[in-house]
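For reference, the structure discussed in these notes is given below.
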Amino acid sequence: MARNASRLAAMAAFLVTLAACGGSSAPSAQTDVGVTSNSILLGNTIALSGPAAGYGTIANAENAYFTYINNTQGGVNGRKINFKILDDAYNPAQTVPLTKQLVEQDQVFAMFSGLGTQAQTSVRDYLNSKKVPQLFVATGATTFMADFSSHNYTIGWQPPYQGEAHIYAKDILANHPNAKIGVLYQNDDYGQDYLKGLNDGLGSKASMIVDKESYDVSAAVPTLASQLSKLKASGADTLFLFTTPAFTIGSLAIVTKLGWTPATIYLNSVSNPQVYMGFAAKSGAALKNVTSVGYIKDPTDPQWANDAGMKLYKTVIANCSTCNVNDGFNIYGAAVAWSMVDVLTKAGSNMTRANVMNIAGSQLNETNNPFLLPGVVVKTTSSDHFPITQEQVINWNGTGWTLTGSLIDERGTIK
Amino acid sequence: MSRIRSAPPRYFLVVLAVLFLAGLPTVITSFQASEWAGALILAIAMMGLNILVGYSGQISLGHGAFMALGAYTSAILAHRYNVDYLVTIPIAGLITGIAGFLFGIPALRLSALYLALATFALAVVTPSLIKRPAGFTGGVQGIILLQPDPPQFMKDAFSAVTGTPMTSDQWIYYITFVCAVLLFWFAWNIVRHRPGRAMRAIRDGEVAAAASGVNVAGYKTLAFGLSAFYAGIAGSLFGLSTGFVSPDTFPVGLSIQLLVGAVVGGLASIPGPLLGAVFAYFLPIESNQWVPSQTWIPSQIAATVVKAGPAVTYGAILILVMIFAPNGVVGLVTAAYFRLRRRLRGAGDRETGQMPPGAQTV
Amino acid sequence: MQEFLQQVVSGLASGGIFASLALALVLIYNAMGLVNFAQGEMAMFATFIAFVLIAHGMSYWIAFPVTLVLAFAGGIAVQRIVIRPVEHAPVLTLVIVTLGLATLFNGAAGFLFGYVPRSFPSPFSVQTVNILGAYASYQDLGVIAVSGVVLFAIYLLLQHTTIGLTMRAAAHHPEASRLLGVHVSWMLALGWGLASAVGAVSGIMAAPALLLQPDMMQTVIIYAFAAAVLGGIESPLGAVVGGLIVGVTVNFAGAYLPFVGGDLQLAVALAIIVAVLVVKPNGLFGRPAVRRV
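Chains as they are written, first to last, in this note's numbering: chain A, 1 to 415; chain B, 416 to 777; chain C, 778 to 1070.
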C-alpha cells in the first residue's frame, strides 16, 4: 500500500508538472495550443455508429483532403494537418466528454465540422468559454450563423436550411403561383427550420400552405402513409418533403403507392443525392417533377466529367478506402475541408485561435472552391456570418439532376 | 459463520474505495475527473437498477426514461425558475421516485416478461415523449445548463492540495462523489434491513414471501420507487455534468448501458454497480481509442475493433457474463476469495458445516 | 370518407409488416415462454444475407429460400450456443441474453455492411389497385398475403404434423415429453430455427419499404411487440390480427387524435402494450394464464 501511495504521489507530481507546463509554457507570439512548428491538430466529433452513421463518411472525406494537402504540399505553411475523429453516435451526452477530451487532453487547436444540431449545441458554450474555435459545423441550423454575436467562436458553413426554403418559396411563387402546398416535416430543428423558411419566404402568400404534417424520427417509415394520406386528402397539389434521407426515400415511394401524383415535389438538399433518388426509384417512386436545390457539384453528373474540381475530388477521395466516390456527402467533406485549409493558409504565420476564428467568421472570401458550383462564394464579413447563401434550383430528369436557372442568393434575408 | 469474521476485509475495501475516489481528482486531469464523474453517475443509476432487478427481482429495461425525468426536472427548475442546481438534485430524485412508485403499481399486475416488454417500449419512446411538450422541455433545442463554479472553500482546499485551481468539472465530480457515497451507504442499509430482506424474499418466491407475512405489493412498488429515486438523482447529475439536456441525450442505448453495467458488475451486490459503471463507461471509450493507440496491436485488428464499435463488444460480453458468470464481476471475485480462504484455513470452516455466503447474501 | 378508407388500407399495409415479425415472436414464445428481443435484429441480419446473395448475382427466387435455410440454421445455432446454457435460468437472464443478442447482431451488421441505407428488391410490383377510392399497391397486398401464407404454414405445422405436436408438447409439458423420449432441448432449437426463418421472411418483405440498414427493425419490433401482446402473445392468428389492428390504430391515432399527431406514432405502440397488459393481459386470442405456484 505504501508503495502504491508513493507511486500515486509521484504520478500526481508528474501530472501537476505536466499541467503547469501545458498552461504556462509561454507559447511563441504567433501560435496557440495544438500548433507546433510542423503540425496542426484539429478535432472532430461525428456519428460513425448509431442511427446517423450514414453521415460519418463526411469526416473520412475531410481527412482524405487533409492527407492530400499533407502529401502534395507538405501541409499548410509547412505544418501538416492532423485530424482526430471521434465517434459520438449522434448522442449529445457523448459529444460533450469527447469534445472535452479533444480540447483538454489531446489539445486540439480547433474543432472542425462537428455533426448534428443537438450535439454541436451541447458543446457550443463550452468551446466559446474556452475560446476554442468551433469551425464549420456540419448542420444548417440557422442558430450557428445567426448567433455569431453571442457565440463568436462558432461558425457554420453550409447554406442555412431557412435560406434554402426561401429559394423554394421564390421558385414556387414564380412558377406555380396557384399551388396548394402540403408539407411533411421532421419534428425537430431541421424540419422546423425549413418550415419557418418556407413560411417566411412565401410571406403574404403563406396561406398557399394548405396542410402541414410532422413525424418523429423514431417513426417506422410505412406509418408515414398516415401523414401523406392526410396531405393528399387536403387537396394539396404540391408536396414539400423536409425530411431526412431514409424518410425522403420512403415518402417518395408511399406517395406513388397512394396513387397521388402531385404537380411538383420539393425535396430538401440533404436527401437529394443521386444515389438516394435511385433507391427511391427502385422502391417504386414515380419521381415526376421533383425539384430541389444544390450548391455542390454532383459527382454523378456527367457535365463535370472533365471539370478540374471534379478531377481533384476524385484524386482526393482515393485517399479514403471506405469512401464511395459517388456519395454526395464525400464531396461535401472535401469542399468544407478546402475552406478549412483556405482559412489556415490565410492565417499564415499568425496561427492563433483568435486570428483563425476572425478569418473564418468575418474575413472569408472564397470564389474558387473547386468543389462548389461555379459562382458559389464562401463569404463572411464583420456583419454577416453566413458563409454560403447561394444555391441553384435542380430538377430530376429521371437519371440525374439538371441545373436550372441561375444561382439564387439569399444573403441578408435570414436574421 | 459470524458477520464479524467476514466484515474486516469489506470495511477495509470500502474505506479504500472511498479514499481512492476522494483523492482521485487531485492526481488526474480535470478532463479525467469529468470522465470519472460520468462513471459515478452511471454507478448511482445502476445501484437503483440493482435494487429493482437484483434485490426485488423485477425487470426494467427503461431506466434511461427515469434518468431523463430526473435530468429534465433539474434542468427546468434551474433554467426556468432559477433554482440553485444543487437544490434541484434531491427534488429531481423525489419527483422521479414518486413517478417510479406510481409506475410500480400497474407493474404489479405484469409478469416479468411483460414488464420487460413495456419498459423496453418506454425506453424507445422516451426521446419522442420529451419532444412533445416543447414549450416546457425546450423540445429538440434542449436546455443548456451553466456548469457551476466551485465554492471558495473548495477552491482553497483543492489548490492547497494540488496547487492548481479547481475547475467546474472537478467540482461536479465532488458533488457526484458525495451523492454516490450517500446513496451507496443508504442502499447498503436498506438491503441489510427489513426492506432488503423482504425484497429478496419476494424475488426468491412471491407466494412463500406472502405466506410469511411480507407485504408483497408494498415492497415491490417501494423497490420501483427507490430505484427511480436513484435514477432521478443520477439523471440530475447527468444533466449537470453534460451541461445540456435534449431528447437525443436519452436514447434507448442508455437504458441498455445501465443494464449491461448492473449485470456485469454483479446483481444483488453493493460494489457491483460501481465496478459495472466503470466498465460500462470506459469500455466504449477505450475500445474506440485505447486499442488503436497501441502500436503492438496489429493495425488491421485495431481498425476492426474500432469499426465494430462498442455494440458488438457489449452484446458479446452481456451474453458471456450471463452464461459464465451470472453474478458478475463481484460474484467471480467473491467466489475466488472464498475458494482461496477455504484452501488456506478450510478445515476450520468445514467443521462448522456452514456454506460461505455467496454474492447474493450481501 | 375516402381519406378514412385510405387510412385503413395504408394501416393494413404497415400492419402486414408488423404482423409478420410478430409471428416470429409468437413462435419463440410458444417454444419456451420467452419474448425474443433479438427477433427484429435477427430478421434484419438475415435480410442482409439475402442482399449479399442477390448482389452476388443470385436470382431473387433462389436467394429467398437459401436465406430461409440459412436463417433456420442460424436460429438453431443461436439456440444451441447461446440460449441452451441459460435455458432454465430465470426470465430476467433470458431477457438479458436476447438483448445481448440484439446488440450483437445490430453491431455486427453495422460492422459488416455499414450504416448507409440500401434499397432491397421486392417481388411484387408497386402498381396500385383502387379500392373504393383508396389505393393499395401490389407490394403492400403481397406483404399481407405472405403473412397469411406463413400463418397458414405455421398452423399446418403445429396442428397437423407429428413434429408440430411434439414441439407443442415439449413446450407445455417438458417433463412428460422427456419421459416419452422427446428431445425437449432440440425441440426448442427447432422452435428457434423456425422463428428465425419466419423472421427472415418478415425482414425480406419489409426491407423494400423500410430500406435495408442495421436499424431497420428497431422501431418495427416495438410495433411487433404491441401486435403480439394484443393478439395474446401465444396465438399465431392473434399476431396477424394484432399486427393489422396495430397498423390501422397507429394511422388513426396519428390522423385523428390531435394530441398524438404525427409526433407520437411510436408512443401509440407503447400505449397499446400497456393498455392490453393492464386491462386484458391475455390479449384477443390468448388463453387465460394460470399462475403456477
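Just so you know, even glycine gets a beta-carbon here, dropped at the ideal spot from N, CA and C.
With contacts defined as CB atoms closer than 8 Å, Ile734 (chain B) and Leu878 (chain C) qualify as a contacting pair. Contact between Gly793 (chain C) and Ile998 (chain C) does not hold, since their C-beta atoms are separated by about 15 Å, which reaches or exceeds 8 Å. For Val679 (chain B), the nearest beta carbon of chain C is not closer than 8 Å to its own beta carbon.
Tyr168 (chain A): member of the alpha helix (DSSP H) spanning Tyr161 to Asn175, first to last residue.
With respect to chain B, the C-beta atom of Asp147 (chain A) has no partner C-beta closer than 8 Å. Between the stretch 311–331 of chain A and the stretch 57–65 of chain A there are three or more inter-stretch CB-CB distances shorter than 8 Å, so the stretches are counted as touching.
Between Val325 (chain A) and Ser113 (chain A), the C-beta gap is not smaller than 8 Å, which leaves the two residues out of contact. Met778 (chain C) sits exposed, since fewer than 16 C-beta atoms from the chains shown fall within 10 Å of its C-beta. Take the alpha-carbon of Met964 (chain C) and the one of Leu798 (chain C): they are about 21 Å apart. In this structure, Thr291 (chain A) lies near Val393 (chain A), with their beta-carbon atoms less than 8 Å apart.
The three-state secondary structure of Leu373 (chain A), taken from DSSP, is coil.
In the same chain as Leu881 (chain C), and ignoring 5 residues on each side of it, no C-beta atom comes closer than 7 Å to its own. Excluding five sequence positions before and after Val76 (chain A), the CB atoms of its chain that fall closer than 8 Å to its own CB belong to Ile40, Ile69, Val341, Leu344 and Thr345, given in chain order. For the alpha helix (DSSP H) assignment, the uninterrupted runs of no fewer than 4 residues enclosed by the stretch 76–143 of chain A are, from N- to C-terminal side, 92–100 and 117–130. In this model, Ile474 (chain B) and Val539 (chain B) are separated by some 16 Å (Cα to Cα).
Around Lys100 (chain A), the beta-carbon contacts reaching into chain B at under 9 Å are Ser445, Phe446, Ser449, Glu450 and Asp584. Leaving aside the five residues that flank Gly980 (chain C) on each side, the residues in its chain whose CB is nearer than 6 Å to its CB run, in chain order, Ala820, Met821, Ala823 and Thr824. Residue state for Leu987 (chain C) is assigned as helix, using DSSP reduced to three classes.
Listed along chain C, no residue sits closer than 8 Å to Pro273 (chain A) by beta-carbon distance, the nearest being about 11 Å off. Per DSSP, the continuous beta strand (DSSP E) segment holding Val210 (chain A) begins and ends at Ile209 to Tyr215. Taking all protein chains in view, the Cβ of Ile716 (chain B) is surrounded by fewer than 16 other Cβ atoms within 10 Å, so the residue is classified as exposed. In the DSSP annotation of this structure, the continuous segment of the beta strand (DSSP E) that includes Leu241 (chain A) starts and ends at Thr238 to Phe242.
Secondary structure note for Leu41 (chain A): its beta strand (DSSP E) is the uninterrupted segment Ser39 to Ile46. Taking 8 Å as the CB threshold, Gln118 (chain A) lines the interface with chain B. For Ala911 (chain C), the uninterrupted beta strand (DSSP E) segment begins and ends at Ala911 to Ser914. Excluding sequence positions up to five before and after Ala308 (chain A), its CB lies within less than 7 Å of the CB of Pro370, all in the same chain and listed in chain order. Runs of the alpha helix (DSSP H) lying entirely within the stretch 895–978 of chain C, each at least 4 residues long, are 915–937, 939–949 and 951–956 in chain order. Annotated as proximal: Ala966 (chain C) and Gln856 (chain C), with beta-carbon spacing under 8 Å.
Residue contact check for Val1023 (chain C) against chain A: no CB pair falls below 8 Å. Annotation: the continuous alpha helix (DSSP H) that includes Glu621 (chain B) extends over Glu621 to Ala626. For the stretch 250–275 of chain A, the set of residues with a beta-carbon nearer than 9 Å to any beta-carbon of chain C comprises Gly250, Ala253, Ile254, Thr256, Lys257, Leu258, Gly259, Trp260 and Val275, in chain order. Under the three-state reduction of DSSP, Phe659 (chain B) is assigned to strand. Against chain C, a Cβ distance below 9 Å from Pro521 (chain B) picks out Val1051, Leu1054 and Val1055. For Ile559 (chain B), the C-beta contacts it makes with chain A under 9 Å involve Thr121, Ser122, Arg124 and Asp125, in order along the chain.
For the options A:Lys80, A:Tyr90 and A:Ile81, the alpha carbon positioned closest to that of Ser49 (chain A) is the one of A:Tyr90. For Phe697 (chain B), same chain residues with a beta-carbon under 8 Å away, outside a window of 5 residues either side, are Glu450 and Ala454 in chain order.
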